[in-house]
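Chemist:
Protein chains: 2
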Amino acid sequence: MTRNNGTKVEALLFDVFGTVVDWRGGIIREAEPFLRAHGSPVGGPEFADRWRGLYQPSMEKVRTGAREFTKLDVLHRENLDHLVKELGLDPDGPELESLNLAWHRLDPWADSVEGLKRLRKRFLVAPLSNGNVRLLTDMAKRAGLPWDCILGAEVVRAYKPDPQAYRDTAGLLNLQPAQCMMVAAHNDDLAAAADAGLRTAFVLRPTEHGPEQSTDLGPDASWDYVASDLVELADLLRN
Amino acid sequence: MTRNNGTKVEALLFDVFGTVVDWRGGIIREAEPFLRAHGSPVGGPEFADRWRGLYQPSMEKVRTGAREFTKLDVLHRENLDHLVKELGLDPDGPELESLNLAWHRLDPWADSVEGLKRLRKRFLVAPLSNGNVRLLTDMAKRAGLPWDCILGAEVVRAYKPDPQAYRDTAGLLNLQPAQCMMVAAHNDDLAAAADAGLRTAFVLRPTEHGPEQSTDLGPDASWDYVASDLVELADLLRN
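Taken in sequence, the protein lines are chains A and B. Position in the first sequence (from 1) plus 1120 gives the number in my numbering. Position in the second sequence (from 1) plus 1120 gives the number in my numbering.
#1: Considering just the uninterrupted stretch of the alpha helix (DSSP H) at valine 1276 of chain A, what are its terminal residues?
#2: Quick one: does cysteine 1269 of chain B have its CB under 8 angstroms from some CB of chain A?
#3: Is it buried or exposed, glycine 1164 of chain B, if we count other Cβ atoms within 10 angstroms and call 16 or more buried?
#4: Report the neighbours of valine 1275 of chain A on chain B: residues whose CB is nearer than 7 angstroms to its CB, in chain order.
#5: Measuring alpha carbon to alpha carbon, tell me which residue in A:Phe1154, A:Asn1252, A:Arg1172, A:Asp1349 is nearest arginine 1144 of chain A.
#6: For threonine 1320 of chain A, does the three-state DSSP call read helix, strand or coil?
#7: Locate the beta strand (DSSP E) running through phenylalanine 1360 of chain A, then write down its first and last residues.
#8: Within 10 Å of its beta-carbon, does alanine 1105 of chain B have 16 or more other beta-carbons around it, so buried, or fewer, so exposed?
#9: Taking the continuous beta strand (DSSP E) assigned at leucine 1132 of chain A, which residues delimit it?
#10: Output the distance between the C-alpha atoms of glycine 1338 of chain B and glutamate 1328 of chain B, rounded to the nearest integer angstrom.
#11: Rounding to the nearest angstrom, what Cα-Cα distance links leucine 1356 of chain B and aspartate 1231 of chain B in this structure?
#12: Just the C-alpha distance for lysine 1280 of chain A and leucine 1255 of chain A, rounded to the nearest angstrom, thanks.
#13: Hey, is arginine 1254 of chain B's beta-carbon within less than 8 angstroms of any beta-carbon in chain D?
#14: Excluding the five sequence neighbours on either side, which residues of its own chain have a C-beta within less than 7 angstroms of the C-beta of tryptophan 1343 of chain B, listed in chain order?
#15: Could you please tell me which residues of the stretch 1287-1309 of chain A, in chain order, have their CB closer than 7 angstroms to any CB of chain B?
#16: Got a sec: which bits of the stretch 1193-1209 of chain B sit with their beta carbon under 7 angstroms from any beta carbon on chain A, in order along the chain?
#17: Compute the Euclidean distance between the alpha carbons of glutamate 1352 of chain B and glycine 1235 of chain B, then round it to the nearest angstrom.
#18: Look at the Cβ atom of aspartate 1282 of chain A, then the Cβ atom of alanine 1305 of chain A, and state whether they are nearer than 8 angstroms.
#19: Name the residues in the stretch 1220-1249 of chain A whose C-beta lies less than 7 angstroms from a C-beta of chain B; which are they?
#20: Run through chain A and tell me which residues come within less than 7 angstroms of lysine 1261 of chain B, C-beta to C-beta.
#21: Is the shortest distance between the beta-carbon of threonine 1257 of chain A and the beta-carbons of chain B less than 8 angstroms?
#22: In chain order, which alpha helix (DSSP H) runs of at least 4 residues are fully inside the stretch 1304-1348 of chain A?
#23: Just curious, the beta strand (DSSP E) that leucine 1248 of chain B is in, first and last residue?
#24: Measuring alpha carbon to alpha carbon, tell me which residue in A:Met1301, A:Arg1358, A:Ala1347 is nearest leucine 1133 of chain A.
#25: Using beta-carbon positions only, say whether aspartate 1268 of chain B and alanine 1246 of chain B come within less than 8 angstroms of one another.
#26: For alanine 1298 of chain A, collect the residues of the same chain with a Cβ closer than 6 angstroms to its Cβ; drop the 5 residues on either side in sequence, then sort them by chain order.
#27: Name the one or two DSSP bridge partners that methionine 1301 of chain B has.
#28: Across the stretch 1140-1159 of chain B and the stretch 1209-1222 of chain B, are there enough close Cβ pairs to call them in contact, namely three or more that are closer than 8 angstroms?
#29: Could you check the C-alpha separation between leucine 1271 of chain A and serine 1348 of chain A for me, to the nearest Å?
#30: Just how far apart, CA to CA, sit arginine 1242 of chain A and alanine 1263 of chain A?
#31: State yes or no: is the C-beta of glutamine 1284 of chain A within less than 8 angstroms of the C-beta of alanine 1278 of chain A?
#32: Considering only residues of the same chain and omitting the five flanking positions on each side of leucine 1174 of chain B, which have a CB-CB separation below 6 angstroms?
#33: Bridge partners for phenylalanine 1189 of chain B per DSSP, in chain order?
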């Protein structure tokens, strides 16, 4: 596949939470027994949304330089500690540590493994996620995600949408940004990737945020490719 | 598997050049047509040994801080440029670039793929090589090496035997050094890994340097495990 100026795309870089795996369904599944055991005033869906709601603010401190780079497992744990306190729950440390690792045990969307298997025949495929190395490695091993290598925020020590996250990841692959395509279900991720010089593929994940999802229901800009899932993306990129 | 103090090993970290792949055979195979085409005064084996001979000195500049971290593909290319000049050869840039990528196309030893497949059922397996990310990724994809993730010098920006290379790699896996075991055919790599707190497994590769090999023909110290190949290592670690 070449772009108009003839630059061939060699690598596909994937957003993971929401694009490749169903983070919300996985967190609900893992949180519910915990919430029941502790008499939580809220159920799994609200718990998942509130935990995830602390995600961007916690990374923002790293992006602005207010805090040195800190891996996502640590941010997730801090955010979990904050949330359980807010809910008045009183779990012990091992319970919290186990629940925090729920992010390592998220299930892929039904098309993800097949789509990646097909795409990796033609392209180098790697996550470009804000997840840390161990999180992404555990997830891939459990779910059978056939990445060629594990890249992402922790390797380049920058959280998306910092342009360094995209550019330095291309550099690790000995590629120019234009030789890489970002694959994501999030328009803001693709906008930042495009600004950093990458090509873009939007994948529709209309239930990432549950049945009432109101964001990212379609492409906001003229991304290079738009696909309903990763299998369709493999079809589109076959030529 | 636990050590005497009860610390369980979770990850096996592998030296690659010589331990998992036959670098000398691969470089000879790729260099010979090039050397013939350019009327080289030396053949493949001498060329491979002289190119590899420049490897440690080039990394030493990074280790001492005389030079900022520079990925191995770049060091290999500088060393190749130096060697062809010394030999009075006059190849063009694309020929040199293609030959430089021979390091991405090395074949595994006969037992490596099967050994890794067995070991990854019980352990997280990753390279801890001085090779850079793209080199190790290309090699794994071509050879079918089933790494769980690609780690190594470029990710931690330190060349073995710098202790930071071992410790920071364990940190990327959320592990203490004692939860990792270094697997290598080189006593000096294992000595540095042990100093950094890792466990150690020596794998015998008596023809890495060709039929006259005089180094690393056996363990120099009481490493935790000694195996004749990676399949035997999988047998030893089964219990």
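Just so you know, even glycine gets a beta-carbon here, dropped at the ideal spot from N, CA and C. Bear in mind the structure is a predicted one, so any value in this text is a computation, not a measurement.
Modeler: Short version:
#1: Segment 1273-1276, the alpha helix (DSSP H) holding valine 1276 of chain A.
#2: So yes, cysteine 1269 of chain B belongs to the interface.
#3: The residue in question, glycine 1164 of chain B, is buried, as its Cβ has 16 or more Cβ neighbours within 10 Å.
#4: Going along chain B in sequence order, the residues near valine 1275 of chain A (Cβ under 7 angstroms) are Val1275.
#5: Nearest option by C-alpha distance: A:Arg1172.
#6: DSSP places threonine 1320 of chain A in strand when its eight states are reduced to three.
#7: Since the displayed chain A opens at 1121 and closes at 1359, residue 1360 of chain A lies outside it and no answer follows.
#8: Nothing about residue 1105 of chain B can be reported from this structure: the residues present for chain B run from 1121 to 1359 only.
#9: Annotation for leucine 1132 of chain A: the continuous beta strand (DSSP E) segment containing it runs 1131-1134.
#10: Roughly 13 angstroms between the two C-alpha positions.
#11: When rounded, the distance between both Cα atoms is 15 angstroms.
#12: When rounded, the distance between both Cα atoms is 16 angstroms.
#13: Checking the listed chains, one finds no chain D in this structure; the protein chains it contains are A and B.
#14: The beta carbon of tryptophan 1343 of chain B sits closer than 7 angstroms to the beta carbons of Leu1310, Thr1320, Ala1321, Phe1322 from its chain, once the five residues preceding and following it are set aside; these are given in chain order.
#15: Result list: Leu1292, Leu1293, Asn1294.
#16: Answer set for the stretch 1193-1209 of chain B: Asp1193.
#17: Counting only the Cα atoms, glycine 1235 of chain B lies some 8 angstroms from glutamate 1352 of chain B.
#18: Result no, Cβ atoms of aspartate 1282 of chain A and alanine 1305 of chain A do not sit closer than 8 angstroms.
#19: When C-beta distances to chain B are compared with 7 angstroms, the residues of the stretch 1220-1249 of chain A below that value are Leu1244, in chain order.
#20: Contact note: lysine 1261 of chain B reaches chain A through Asp1268, using a C-beta cutoff of 7 angstroms and chain order.
#21: Against chain B, the CB of threonine 1257 of chain A has a partner CB under 8 angstroms away; the residue lies at that interface.
#22: When DSSP assignments are scanned along the stretch 1304-1348 of chain A, the uninterrupted stretches of alpha helix (DSSP H) that are 4 or more residues long and fall wholly within it turn out to be 1307-1315.
#23: Boundaries of the beta strand (DSSP E) harbouring leucine 1248 of chain B: 1244-1249, taken from the DSSP string.
#24: Taking only the C-alpha atoms, the option nearest leucine 1133 of chain A is A:Met1301.
#25: Yes; because the gap between Cβ atoms is below 8 angstroms, this pair is in contact.
#26: Counting only Cβ-Cβ distances below 6 angstroms, and skipping sequence neighbours, we find Thr1127, Gly1317.
#27: According to DSSP, methionine 1301 of chain B shares a beta bridge with B:Leu1132, B:Arg1319.
#28: Segments in contact, yes.
#29: Straight-line Cα distance between these residues: approximately 24 angstroms.
#30: Our two residues, arginine 1242 of chain A and alanine 1263 of chain A, have alpha carbons roughly 21 angstroms apart in a direct line.
#31: Against a cut-off of 8 angstroms, the Cβ pair of alanine 1278 of chain A and glutamine 1284 of chain A comes out as a contact.
#32: These residues qualify, in order along the chain: Asn1199.
#33: Bridge partners of phenylalanine 1189 of chain B: none, in fact.
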